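So the sequences go chain by chain: A and B. Counting in my numbering, the first sequence tops out at residue 149, every number present. Counting in my numbering, the second sequence tops out at residue 1607, every number present.
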Amino acid sequence: MARSLAMEPDKCTGCLQCEIACSFEHEGVFNPARSRIRVFEFQHGRLAVPYTCTQCEAAWCQKVCPTGAIVLDDQLGAKLVRTEACVGCKACAIACPYGTIEYNPLSGKVDKCDLCGGDPQCVAACPTGAIAYMETSLSGTTVNTTAEA
Amino acid sequence: MSWQRQILRVNLTDSTIRAEPLNMQWASDYIGERGLGTKYLWENMDPEAEPMGPDNVLIFATGPLTGTSASTSGRYAVLTKSPLTGAIACSNSGGKFGAELKYAGYDLLLVEGRAEEPVYLRIEDGDVSLHPAKKIWGKTVWETEEWIRQEHNNPMLKVATIGIAGERGVRYAAVVNDLHRAAGRSGVGAVMGSKNLKAVAARGTCGVSVDDPKRFMEVTSRMKDMLAGDRGTRGLTKYGTNAMMDTMQEFGGLPTRNFKEVQFEGYDKVDARAMLAIGADGHRNLVTNTACFGCTIACGRISHIHKDHFTIVNRKEYWHASGGLEYETAYAFGPVVGIDDIDACTFAGYLMNEHGIDPISFGVTLAAAMELFEMGVISTEETDGIELKFGNAQALTVMAEKTGKQEGFGEVLGLGSRRMCEKYGYPELSMTVKGQEFAGYDSRALQGMGLGYATGNRGACHLKHDTFEVDMEDQTGSGKAEPCKASQDWQAVVDSSGLCMFTMGAWGPEEFAEQLDADSEGDWTVDRMTESGERIWNLERMFNMAAGLTSADDTLPQRLLKDPAPSGTAKGRVNELDLMLPEYYRLRGWTDDGQPTTETLKRLGLG
């Protein structure tokens, strides 16, 4: 069964350890600006929301890519960017409804979550269990909208 | 390796911006952040310079671990000569600005001169520029942060700014970053304002790398597990630092009503449990906890005020959650001014962040004003009709706002406790060392704390040494000099690392050394780091001596030396500073009048 990332903002403290781990895993250096997962803070820190690619079953990024650079890894269930085929046209970035595939000005290609080959480093780095690696049908971002403003 | 090896020098007088290589020898000798900033300050200014004049220098310094995967790696320090104390100022802060400065490509920012008109500095990777700040001069911290992001169409910019208090020279104005994290103490914000520098905004995509990445990831991951497994540290996550309130109350070290008392009857209305309690109407003060950059503890409080409370009932703009009470803010708006209204305290905290003020100095200055008011020295004519009595919550919030905006009696409070008490002819009522107000620990109950306050290089400060355990065990002055000196040196190391001192409950020296060694080039051992700490402490002392301070400034107010604690475990005791100080000087290798000897300076490479 394919697995992907599920994020629970209620547990997120906004520490960015997930972003720090992601940038190190993929770029070999620390900097949240180079992470594939993002945490956004709202309302003076009342809400911190982590989000990244949830590996949509019908992936728009994949559908619009003119060069077939986005491929499904059958085993992982992840959509991966074949960098050798990516021409940096950004069509996928426009198509993604969540904005979780991003153009990287340094490489001239796009980056997205690849689930770290099945061992997501953001999950390992999160101190509060706000990010879980679970069956795709259960994943996504949940926001508790009943909390008092 | 973890350095960008580059600093940014900005001269506001001639609007020049220059990148310079980081002095790696200094980084090796002074570690980073507090230590490195002290060295850069020492080498770049005359300690006799007027704090609010153009010859003062303002430094923002990151540490070697800032921006890495180590837990709590978001720290940076602001250093300058303090307009509150005339001594060296070094205030550190968390949030996300410090790491961003490094990601923008600079380990340290050094600001000199004074701009003719208000400006702010924008740093985006190699692109650095000064911009007119006329449109944001007079705006609050919260407005400024939002304005700058919109102006540059970049929501990722991290902003460190001053509020109106810093612009108008409040002696204890803070530099606030990320809405409610602050380099709070010693008036670093007033210096920024005197330079006509409203804000610094940073954003960067430069990566930070470490000397031994594989080992670093293994070590930092193990250290995070240590924090998670430590009971005291978990307490910080759940209760925040305000868990200390109950301990101090029970011990009798909770300064109350301008230090006339050491226990406060209303403590349980403003403590950590009160923040967690759910009222009959379902309102709870604490909304959630929050973390600074990279922090796996997350002691930060996000609170909200009851909408029906008198402070905000007609002010919808404050009906949102924001930074809540820490121990020091709870103490400074609670016991020391005799107030037990948690909503008023929380609101005062909002105002401190919004206007950029140090809550400790404000609260303790207000406490002295209240004592003077009750003595009849200050009248309602001066206070714009406000009854400045202990326990009056309205007086707290009204005066917090007036001080923030520098209106009416707020201008007097903005002088700080020492200058205000001198103005009224009662200098003995000022609860300060070197002009800086005390934190929430009474020196009669905690003897070593008193020694640390008295010898503090930035004046009264609870963050530059730790004698807590020995103080709780034994309430005499004996045996306190050695742990005070040793902890001052080690604290200088932690403050120079880029990590937060709230890890120190779980991490001993070995744990810091292991992380720094994997992070940085060369061999970093506890011994080497301890020596660096002592070097830093002595260089700060040299700065202060050169600035004109003497051993006469290493003292405490008469109230703590002569008036016995009226209750608690230390009932009947005064602080035994005269017993501790000579021993402390001797252990430091200083003369009887507190001057570092030639041998001591030579040993530390300072002579």
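C-beta atoms are modelled at their ideal positions from N, C-alpha and C, and glycine is treated no differently. Here the structure is a predicted model, which is why all the values come from computation and not from measurement.
For a cut-off of 8 Å, the C-beta gap from B:Arg1419 to B:Gln1436 is around 12 Å, too long to register as a contact. By the CB criterion at 9 Å, B:Thr1241 and B:Tyr1327 fall inside the cutoff.
Residue B:Glu1534 holds the alpha-carbon nearest to the alpha-carbon of B:Asp1489 among B:Gln1447, B:Val1470, B:Glu1534, B:Asp1517.
By the Cβ test, the stretch 1201-1216 of chain B is not in contact with the stretch 1291-1308 of chain B, since fewer than three Cβ pairs between them sit closer than 8 Å. Distance from the CA atom of B:Phe1468 to the CA atom of B:Gly1450, rounded to whole angstroms, is 11 Å. Here the alpha carbons of B:Ser1194 and B:Met1156 stand approximately 28 Å from one another.
Annotated as proximal: B:Leu1606 and B:Met1542, with beta-carbon spacing under 9 Å. In chain order, Val1010, Val1128 place their CB closer than 6 Å to the CB of B:Ile1017, counting only its own chain and leaving out the 5 sequence neighbours on each side. In this structure, the CA atom of B:Glu1510 is about 44 Å from the CA atom of B:Leu1396.
Neighbourhood of A:Thr13 in chain B, by CB distance below 7 Å: Asn1289, Thr1290, Ala1291, Ala1298, in chain order. Assignment of A:Glu41 by DSSP, reduced to helix, strand and coil, places it in the strand class.
Of the residues B:Lys1402, B:Leu1579, B:Asn1289, B:Asp1519, the one whose Cα lies closest to the Cα of B:Ser1478 is B:Leu1579. In the three-state reduction of the DSSP assignment, B:Arg1301 falls in the strand class. When DSSP states are grouped into helix, strand and coil, B:Val1219 belongs to the helix group.
Three or more Cβ pairs closer than 8 Å define a contact, and the stretch 1088-1101 of chain B meets that threshold against the stretch 1165-1181 of chain B.
A:Gln55 is positioned such that its CB atom lies no closer than 9 Å to that of A:Ala91. Under the rule that a run must span 4 or more residues, the alpha helix (DSSP H) segments found entirely inside the stretch 26-86 of chain A read 60-64. In this chain, B:Leu1499 is not harboured by any beta strand (DSSP E), its DSSP state being neither H nor E. At a cut-off of 9 Å between beta-carbon atoms, A:Ile20 makes contact with chain B.
Judged by DSSP secondary structure, B:Arg1149 falls within the alpha helix (DSSP H) whose first and last residues are 1141-1151. Annotation for B:Gln1406: Ile1164, Ala1165, Arg1168, Val1170, Gly1414 place their beta carbon closer than 8 Å to its own, counting only its chain and skipping 5 residues before and after. Per DSSP, B:Lys1081 lies in no alpha helix (DSSP H) segment; the continuous beta strand (DSSP E) that holds it begins and ends at 1076-1081. Linking B:Ala1277 to A:Lys79 through their CA atoms gives a straight-line distance of about 46 Å. Residues of the stretch 1188-1204 of chain B that bring their beta carbon within less than 9 Å of a beta carbon in chain A comprise Arg1203, Gly1204, in sequence order. B:Val1337 sits close to B:Ala1367, with the two beta carbons spaced by under 9 Å. By the C-beta density criterion, B:Asp1343 is buried, having at least 16 other C-beta atoms within 10 angstroms. Within the stretch 1372-1410 of chain B, the runs of alpha helix (DSSP H) that reach at least 4 residues and sit entirely inside it are, in chain order, 1393-1405. Along the stretch 1307-1339 of chain B, the positions whose C-beta sits under 9 Å from a C-beta of chain A are Trp1319, His1320, Ala1321, Ser1322, Gly1323, read in chain order. B:Ala1565 and B:Ser1443 have their C-alpha atoms roughly 9 Å apart. Judged by DSSP secondary structure, B:Pro1509 falls within the alpha helix (DSSP H) whose first and last residues are 1509-1519. Cα atoms of B:Tyr1453 and B:Pro1582: separation of roughly 15 Å, rounded to the nearest angstrom. In this structure, the CA atom of B:Glu1514 is about 23 Å from the CA atom of B:Lys1485.
Taking a Cβ-Cβ cut-off of 8 Å, the neighbours of A:Ser23 in chain B comprise Gly1207, given in sequence order. A contact is defined here as three or more CB-CB pairs under 8 Å, and the stretch 100-115 of chain A meets this definition with respect to the stretch 65-85 of chain A. Around the beta-carbon of A:Ile94, fewer than 16 other beta-carbon atoms lie within 10 Å, marking it exposed.
Distances from the alpha-carbon of B:Glu1033 to those of B:Asp1014, B:Pro1054, B:Pro1064 put B:Pro1064 closest.
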